[in-house]
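**Student:**
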Amino acid sequence: MKITLVGTGYVGLVSGTCMAEVGNDVLCLDVDPAKIKILEDGGIPIHEPGLLEMVRRNVAAGRLKFTTNIQKAVAFGDVQFIAVGTPPDEDGSADLQYVVEAARNIGKYMTTYKVVVDKSTVPVGTADKVKAAIAEELAARKADTKFSVVSNPEFLKEGAAVEDFMRPDRIVIGAEDEQSTEIMRALYAPFQRNHERLVMMDMRSAELTKYAANAMLATRISFMNELANLAEILGADIESVRKGIGSDPRIGYDFLYAGCGYGGSCFPKDVKALISTGKNNNYDLKVLNAVEAANDVQKQALTKKIKQHFGDNLAGKHFAVWGLAFKPNTDDMREATSRVLIHDLLRAGATVTAYDPVAMPEAKRIFNNVPGLNFAEIPSQALHNADALVIVTEWKEFRSQDFSYIKQNLKANIIFDGRNMYDPSTVRNAGIEYHSIGRQTK
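Residue numbers (the working numbering): -1 to 440.
The following block contains the structure:
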């Protein structure tokens, strides 16, 4: 098949590259010339394990190309995937201007039948807006070219997006005509040779499914964080509780880890958007409002523990921060807890030396030489002269540590662990005071 991907962010670039990997001819369109230049020069504008090698392999094979030419991109693909950003508006709703603009461009230039696929995460009813935008452009030039609109939400985890696309748990497709349905079945056939993974439904249900999935996962995280805070008060251990409830197959172990709050480009935005959708339809989503509120509080958990120990005025204190990305295996710092923590520490008068395996270039861009913040090239370098170590992201390289070395380099022998990475008794036996989430300090 000939496929056009509109947008070369996480969703667009991963989707387009994986489709090329199974033999399709793919053209990726982006209106940002800087992104396209990076791709044409053999790089990628995002960090995603395994993606760079796959991009280079398919570019070399001639199956994957890039362009900023909208007319060329519309002419190329029989299937047009819209994978542009839907940033939150002021009221929390998804901003659809880029989706609608992409649809209008397709309607403006298409001359043959197209299947137009909403791949972006969009509110219920967006497919109708896409259809209307294309129809308006066709009517404006008195064209009667046929087209279909399909909803095909993505379920890619940052840090594992290539694996998720190549071996999907499910492929949700919302379609309303047989022609587009069969085209989508053929397109995804190479990704489900083992067994059928297609879940067919109407377009509105497909749009809601994506929001519902992320909202459910965010709910599990906030629920466990609330329980962790209660466990601290009651003298219980949230890790024991997690194992106890996770062993119930109706609950399972996934997304039951307590921590210092969720972040990223999906959960915060999608929870807000679903709440906004409810408000726009005169329905108050009470659970999701609580999920969002609990997460906002949880992002302050490390700051609260630090101030309980050192006091509200942190002038003269210096902290080592390990982990800046919102999760491991990505450089994405959107809505990351590290941003809240570092801002709070600096505002209280402290200084910070931070380390992250891949997110430091992004952190330097975000913090823009803010006074009091420095970056270390290796984790041990961040420890030098620090009053405490604060762990924000659960990178694998942080898992196994020489606690005697950490103790020698810290001034105050304290670890604040926002991801419960270590066994408390092991750390304390090394002579280090250990504060984690939902577990006892002593």
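Just so you know, even glycine gets a beta-carbon here, dropped at the ideal spot from N, CA and C.
Run the CB neighbour count on tyrosine 281, radius 10 Å, all protein chains shown included, and call it buried at 16 or more, exposed below.
**Tutor:** Classification for tyrosine 281: exposed.
**Student:** Short check: CB of arginine 54 to CB of alanine 18, under 9 Å?
**Tutor:** Not in contact: arginine 54 and alanine 18 (Cβ atoms no closer than 9 Å).
**Student:** Around the Cβ of aspartate 421, are there at least 16 other Cβ atoms within 10 angstroms (buried) or fewer (exposed)?
**Tutor:** With fewer than 16 Cβ atoms within 10 Å of its Cβ, aspartate 421 is classed as exposed.
**Student:** Secondary structure at tyrosine 353, three-state DSSP: helix, strand or coil?
**Tutor:** Strand, per DSSP.
**Student:** Going by DSSP, what residues sit across from glutamine 78 in a beta bridge?
**Tutor:** Answer by DSSP bridge pairing, in chain order: Thr2, Val114.
**Student:** Ignoring anything shorter than 4 residues or poking outside the region 256 to 322, list the alpha helix (DSSP H) runs there in chain order.
**Tutor:** Those alpha helix (DSSP H) runs which fall completely within the region 256 to 322 and span 4+ residues are 265 to 278, 284 to 296, 299 to 308.
**Student:** Touching or not, the region 123 to 134 and the region 151 to 161, by the rule of three or more beta carbon pairs under 8 Å?
**Tutor:** No, the region 123 to 134 is not in contact with the region 151 to 161.
**Student:** In angstroms, rounded to a whole number, what distance separates the CA positions of methionine 331 and tryptophan 320?
**Tutor:** Whole-angstrom Cα-Cα distance: 14 Å.
**Student:** Helix, strand or coil: how does DSSP classify tyrosine 96 here?
**Tutor:** Tyrosine 96 falls in the helix class under three-state DSSP.
**Student:** Rounded to whole angstroms, what is the Cα-Cα separation between glutamine 298 and asparagine 411?
**Tutor:** Looking at the two C-alpha atoms, the distance is approximately 22 Å.
**Student:** Do you know offhand how far glycine 309's Cα is from isoleucine 413's?
**Tutor:** Rounded to the nearest angstrom, the two C-alpha atoms are 16 Å apart.
**Student:** Just to confirm, is the Cβ distance from serine 118 to alanine 81 under 9 Å?
**Tutor:** Contact: yes.
**Student:** Grab the span of the alpha helix (DSSP H) containing phenylalanine 365 for me, first residue to last.
**Tutor:** 358 to 365 is the extent of the alpha helix (DSSP H) around phenylalanine 365.
**Student:** For alanine 449 versus lysine 267, is the C-beta spacing smaller than 9 Å?
**Tutor:** Absent from the model: residue 449. The displayed extent of the chain is -1 to 440, so no value can be given.
**Student:** With DSSP as the reference, label methionine 214 as helix, strand or coil.
**Tutor:** Methionine 214: helix per DSSP, three-state reduction.
**Student:** Please identify the residue among Leu387, Asn418, Asp400 whose C-alpha is closest to the C-alpha of lysine 446.
**Tutor:** In the structure as shown, the chain begins at -1 and stops at 440. Residue 446 is therefore absent and cannot be evaluated.
**Student:** How big is the Cα-Cα spacing for glutamate 180 and valine 9?
**Tutor:** Going from the Cα of glutamate 180 to the Cα of valine 9 covers about 23 Å.
**Student:** For glutamine 306, tell me which candidate among Phe145, Ile1, His433 has the shortest Cα-Cα distance.
**Tutor:** Nearest of Phe145, Ile1, His433 to glutamine 306, Cα basis: His433.
**Student:** Helix, strand or coil for histidine 341 per DSSP?
**Tutor:** Reduced to three states, the DSSP call for histidine 341 is helix.
**Student:** Distance, Cα to Cα, valine 170 vs lysine 208?
**Tutor:** Their backbone Cα atoms lie some 9 Å apart in a straight line.
**Student:** Looking only at its own chain, which residues have a Cβ that is under 6 Å from the Cβ of aspartate 415, when we skip the five neighbours before and after it?
**Tutor:** Ile389, Ser434, listed in sequence order.
**Student:** Under DSSP, the alpha helix (DSSP H) around asparagine 407 begins and ends at which residues?
**Tutor:** Run containing asparagine 407: 401 to 407, per the alpha helix (DSSP H) assignment.
**Student:** Using the three-state DSSP reduction, which class does proline 326 fall into: helix, strand or coil?
**Tutor:** Three-state DSSP puts proline 326 in coil, outside helix and strand.
**Student:** Going by Cα to Cα distance, which pick from Phe317, His382, Ala348, Glu395 is closest to asparagine 311?
**Tutor:** Comparing Cα-Cα distances from asparagine 311 to each of Phe317, His382, Ala348, Glu395, the minimum goes to Ala348.
**Student:** How about glycine 259 and asparagine 223: do their beta carbons lie closer than 9 Å?
**Tutor:** Result yes, Cβ atoms of glycine 259 and asparagine 223 sit closer than 9 Å.
**Student:** Report yes or no: do three or more beta-carbon pairs, one from the region 211 to 223 and one from the region 260 to 279, lie closer than 8 Å?
**Tutor:** They touch, by the three-pair rule.
**Student:** What number of angstroms, rounded off, separates the C-alpha of lysine 277 from the C-alpha of arginine 248?
**Tutor:** Cα to Cα, the separation comes out at about 31 Å.
**Student:** Are glutamine 78 and isoleucine 42 closer than 9 Å when you measure CB to CB?
**Tutor:** Cβ atoms of glutamine 78 and isoleucine 42: not closer than 9 Å.
**Student:** If we require 3 or more residues per run, which beta strand (DSSP E) segments fall completely within the region 132 to 186?
**Tutor:** If we require 3 residues or more, the beta strand (DSSP E) runs fully inside the region 132 to 186 come out as 145 to 149, 169 to 172.
**Student:** Would you grab the beta carbon distance between methionine -1 and aspartate 76 for me? Rounded to a whole angstrom, and I think it's under 8 Å.
**Tutor:** With 8 Å as the limit, methionine -1 and aspartate 76 qualify as a contact, their Cβ atoms being about 6 Å apart.
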